[in-house]
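**Q**
In mature numbering (1 follows the signal peptide of the UniProt record, and there is no 0), the protein residues as written are -17 to -1, 1 to 546.
(1) What are the boundary residues of the alpha helix (DSSP H) that residue 158 is part of?
(2) Pull up the DSSP beta-bridge partners for residue 457, would you.
(3) Specify the secondary structure class of residue 396 as computed by DSSP and reduced to three states.
(4) Take the Cβ of residue 251 as the centre, count every other Cβ of all protein chains shown within 10 Å, and call the residue buried at 16 or more, exposed below.
(5) What's the call for residue 141, buried or exposed, on a 16-neighbour Cβ count within 10 Å?
(6) By the DSSP assignment, the alpha helix (DSSP H) with residue 27 in it spans what residues?
(7) To the nearest angstrom, report how far apart residue 305 and residue 231 are at their CA atoms.
(8) Return the CA-CA distance between residue 274 and residue 253, expressed in angstroms with no decimal places.
(9) On a CA-only basis, which of 329, 350, 395 and 405 is nearest residue 375? Give me that one, please.
(10) Where does residue 349 sit, in a helix, a strand or coil, going by DSSP?
(11) Counting only the same chain and skipping the five closest in sequence on each side, list residues whose C-beta sits under 7 Å from that of residue 302.
(12) Check whether the region 460 to 474 and the region 505 to 517 are in contact - that is, three or more C-beta pairs closer than 8 Å.
(13) Which residues in the same chain have their Cβ closer than 7 Å to the Cβ of residue 549, if we skip the five residues on either side of it in sequence?
(14) For residue 150, which option in 137, 188 and 201 has the closest C-alpha, if you only look at C-alpha atoms?
(15) From 56, 544, 337 and 319, pick the residue whose C-alpha is nearest to that of residue 326; which is it?
(16) Rounding to the nearest angstrom, what Cα-Cα distance links residue 431 and residue 123 in this structure?
(17) Flag this pair as yes or no: are the beta carbons of residue 105 and residue 60 separated by less than 9 Å?
(18) Mind reading off the beta-carbon distance from residue 382 to residue 339? Whole number of angstroms is fine, and I expect it under 8 Å.
(19) Can you name, in chain order, every residue of its own chain whose Cβ lies under 6 Å from the Cβ of residue 50, other than the five neighbours on each side?
(20) Unbroken alpha helix (DSSP H) runs of length 4 or more, entirely within the region 39 to 98: which are they?
(21) Tell me which same chain residues have a C-beta within less than 7 Å of the C-beta of residue 447, skipping the five on either side of it?
(22) So, are the CB atoms of residue 114 and residue 174 less than 9 Å apart?
(23) Taking 9 Å as the cut-off, decide whether the C-beta atoms of residue 394 and residue 349 are in contact.
(24) Kindly indicate which residue of 186, 168 and 29 has the alpha-carbon position closest to the one of residue 176.
(25) Sort 287, 214 and 221 by Cα distance to residue 258 and report the nearest one.
(26) Thinking C-beta only, is residue 30 closer than 9 Å to residue 48?
(27) Which ranges does the alpha helix (DSSP H) cover as unbroken runs of at least 4 residues, wholly within the region 311 to 394, from first to last along the chain?
(28) So what does DSSP say about residue 35, is it helix, strand or coil?
(29) Quick check: the Cα distance between residue 201 and residue 220, rounded to an integer number of angstroms?
(30) Could you tell me the alpha carbon to alpha carbon distance between residue 517 and residue 428, rounded to whole angstroms?
(31) When the Cα atoms are used, what is the spatial distance from residue 353 to residue 363?
(32) Measure from the alpha carbon of residue 445 to the alpha carbon of each residue in 465, 468, 163 and 487, then state which is nearest.
(33) What number of angstroms, rounded off, separates the C-alpha of residue 120 from the C-alpha of residue 22?
(34) Does the Cβ of residue 205 have 16 or more other Cβ atoms within 10 Å, making it buried, or fewer, making it exposed?
(35) Under the assumption that residue 324 contacts residue 366 (Cβ atoms under 8 Å), give the Cβ distance between them as a whole number of angstroms.
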């Protein structure tokens, strides 16, 4: 009975009075001094939220006035000088209230666009970020992403563009991340992709947010929970729904997101193949390589954009190639050899990040290349790749040196590549690898040891490593390794274990008269044996997996020395 009475009152004089009050208040906004606009619109929005009259539309007088008032508020928010005027809890709460799912359907869509635009414009200030994060704004925005507008899809997209722009600003702040996870923003964003695939600006905003959030494990986990999220991302990357103008900007971010999702997740790496993404990826790789090479030097922006696309695409392919079934397949895909052309240009242009990513990708592919895989891109182009990587071994970028050395560790399984590494008439690489044992970067030294371990299995190479010509002298690689071994000791068990493996291979006989005992009779050989005995005694109670492995290879090396 009480509810019926309230409805009658609301539909009668109270409703009329309310509508007149709101209309007159909003009418003043248009003529009010700038200093009073925020306060007047704030009051008008609060009155509107009371719902004491029937929901009006954009076509009604009060609806038109509300839109005009919100537009003026939006214009004020575009001036950074006004940021502080918006930084009040009551103002923030009122604006968020307009966007809440309870109010959104009662407010003209154009007014929603302006209100969301206001929050977007002022969300860049540190104080506003704090206000938004402490007033549950991200949960409100997450729900706003799910509001449906039956009549005007384009207007809905404009609201969503503004809301996603706010979320993009907030995603940069660590203090907001927990709210992103709790409000399930990521799934709400992913749900927009198939529905608004043709709306370039909105999709670009979504991709910008996801590129930030997927840098975090919690963000990647939420993307992975959605059954179709990866499929939607890959479909967008395929390019059927992209405009030419937004092509590169979207590809950069989508490839970056997918690179994040495949960085540590084997299921996602496999999905790159099962969802049919490899041919489009290789096609885009070739397309952007052409742009990269042929862009005019005067057009720095276009050239840089093409380079950035390649960086992200190659990283994605490198991650996918880690999977034991994806890597072999990827190495035989028609067109994948364009990676070698990209590497050549990146080296000449000194584009280090691109060069590093390409080397990493080729290295991952080289893991699956053998004489038994004649169609693998690395198998086919192994000599060209060896020549390309040779100069990178002395590159100032330590990461690039590590990746190049890793590739040579795989390439050295081919006898003809190993022969070329020894050939003084071509690029004799053996002295370079020995020189790198003195490198200041531990990872470089460790990776080079892996190359030498494989190379030393070849009798001819083993003999060459016993006497390597350098700039000033001829050195025995074993002596250098013993020095490194004594320095690593038990402080770096992984390095010591690797050094023992290399030394074991190097001390193998190279000829009937060249026995292991010959080296142990030298001063450095005796020092090696003494060091091994001391370290093994110190690890009598080996417990960890690393300690057990070291003890095993150390004992094997000791036996080879004294047999």
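All residues carry an ideal CB built from backbone N, CA and C; glycine is no exception. A quick note: this is a predicted structure, and the numbers were derived from the prediction, not measured.
**A** Quick answer:
(1) To locate residue 158, count along the chain shown from 1; it is residue 175. Premise fails: residue 158 is in no alpha helix (DSSP H) and is neither H nor E.
(2) As a position in the chain shown, residue 457 is number 474, starting the count at 1. DSSP, once it has assigned bridges, lists 452 as partnering residue 457.
(3) Here residue 396 refers to the residue found at position 413 of the chain shown. It is coil, neither helix nor strand.
(4) The residue you call residue 251 lines up with position 268 of the chain shown. Buried is the call here.
(5) One-based indexing of the chain shown puts residue 141 at position 158. The residue is buried, with at least 16 neighbouring Cβ atoms inside 10 Å.
(6) Mapped onto the chain shown, residue 27 falls at position 44. 17 to 31 is the span of the alpha helix (DSSP H), which, as asked, contains residue 27.
(7) Stepping through the chain shown from its first residue, residue 305 is reached at position 322. Stepping through the chain shown from its first residue, residue 231 is reached at position 248. Residue 305 and residue 231: Cα-Cα distance of roughly 26 Å.
(8) Along the chain shown, one-based indexing puts residue 274 at 291. Along the chain shown, one-based indexing puts residue 253 at 270. Residue 274 and residue 253: Cα-Cα distance of roughly 29 Å.
(9) Taking the chain shown and counting its residues from 1, one reaches residue 375 at position 392. It is 329.
(10) On the chain shown, position 366 is the one that residue 349 refers to. Helix at residue 349.
(11) Residue 302 sits at position 319 when you count from the first residue of the chain shown. Around residue 302: 242, 245, 246 and 252.
(12) Yes, the region 460 to 474 touches the region 505 to 517.
(13) There is simply no residue 549 to check, as the chain begins at -17 and stops at 546 in what is shown.
(14) Within the chain shown, the letter at position 167 stands for residue 150. When each option's Cα is compared against that of residue 150, the closest is 188.
(15) For the purposes of this step, residue 326 is taken as the residue at position 343 of the chain shown. Checking every option, the nearest Cα to that of residue 326 belongs to 337.
(16) One-based indexing of the chain shown puts residue 431 at position 448. One-based indexing of the chain shown puts residue 123 at position 140. Cα-Cα distance, rounded: 54 Å.
(17) The residue labelled residue 105 in the question sits at position 122 within the chain shown. The residue labelled residue 60 in the question sits at position 77 within the chain shown. Against a cut-off of 9 Å, the Cβ pair of residue 60 and residue 105 comes out as a contact.
(18) Counting from one through the chain shown, the residue named residue 382 turns up at place 399. Counting from one through the chain shown, the residue named residue 339 turns up at place 356. Confirmed, Cβ separation roughly 6 Å.
(19) Position 67 of the chain shown, counting from 1, holds the residue named residue 50. Taken in chain order, the residues that qualify are 91, 93 and 94.
(20) 44 to 60, 66 to 69, 72 to 82 and 84 to 87
(21) Taking the chain shown and counting its residues from 1, the one referred to as residue 447 is at position 464. Hits under 7 Å: 405 and 413.
(22) Indexing the chain shown from 1 puts residue 114 at position 131. Indexing the chain shown from 1 puts residue 174 at position 191. No, the pair does not count as a contact, with Cβ atoms beyond the cut-off.
(23) Taking the first residue of the chain shown as position 1, residue 394 is located at position 411. Taking the first residue of the chain shown as position 1, residue 349 is located at position 366. With a cutoff of 9 Å on beta-carbon distance, residue 394 and residue 349 are scored as near each other.
(24) Taking the first residue of the chain shown as 1, we reach residue 176 at position 193. Nearest option by C-alpha distance: 186.
(25) Working through the chain shown from its first residue, we reach residue 258 at position 275. Of 287, 214 and 221, the residue nearest in Cα terms is 214.
(26) One-based indexing of the chain shown puts residue 48 at position 65. One-based indexing of the chain shown puts residue 30 at position 47. Residue 30 is positioned such that its CB atom lies no closer than 9 Å to that of residue 48.
(27) 321 to 332, 335 to 349, 360 to 363, 365 to 373 and 381 to 394
(28) Here residue 35 refers to the residue found at position 52 of the chain shown. Since pLDDT at residue 35 reaches only 45, below the 50 mark, its modelled position is unreliable, and the value read off the structure follows with that caveat. Note: residue 35 maps to coil in three-state DSSP.
(29) Position 218 of the chain shown, counted from the first residue, corresponds to residue 201. Position 237 of the chain shown, counted from the first residue, corresponds to residue 220. Roughly 23 Å separates the two Cα atoms.
(30) Start at 1 with the first residue of the chain shown, and residue 517 comes out as number 534. Start at 1 with the first residue of the chain shown, and residue 428 comes out as number 445. Cα to Cα, residue 517 sits roughly 24 Å from residue 428.
(31) Against the chain shown, residue 353 aligns to sequence position 370. Against the chain shown, residue 363 aligns to sequence position 380. Their backbone Cα atoms lie some 10 Å apart in a straight line.
(32) Counted from its first residue, the chain shown places residue 445 at position 462. That would be 487, whose Cα lies nearest to the Cα of residue 445.
(33) Taking the chain shown and counting its residues from 1, one reaches residue 120 at position 137. Taking the chain shown and counting its residues from 1, one reaches residue 22 at position 39. Pairing residue 120 with residue 22, the inter-Cα distance amounts to about 21 Å.
(34) Position 222 of the chain shown, counted from the first residue, corresponds to residue 205. Classification for residue 205: buried.
(35) Counting from 1 along the chain shown, the entry for residue 324 is found at position 341. Counting from 1 along the chain shown, the entry for residue 366 is found at position 383. At roughly 16 Å, the Cβ-Cβ gap does not stay under 8 Å, so residue 324 and residue 366 are not in contact.
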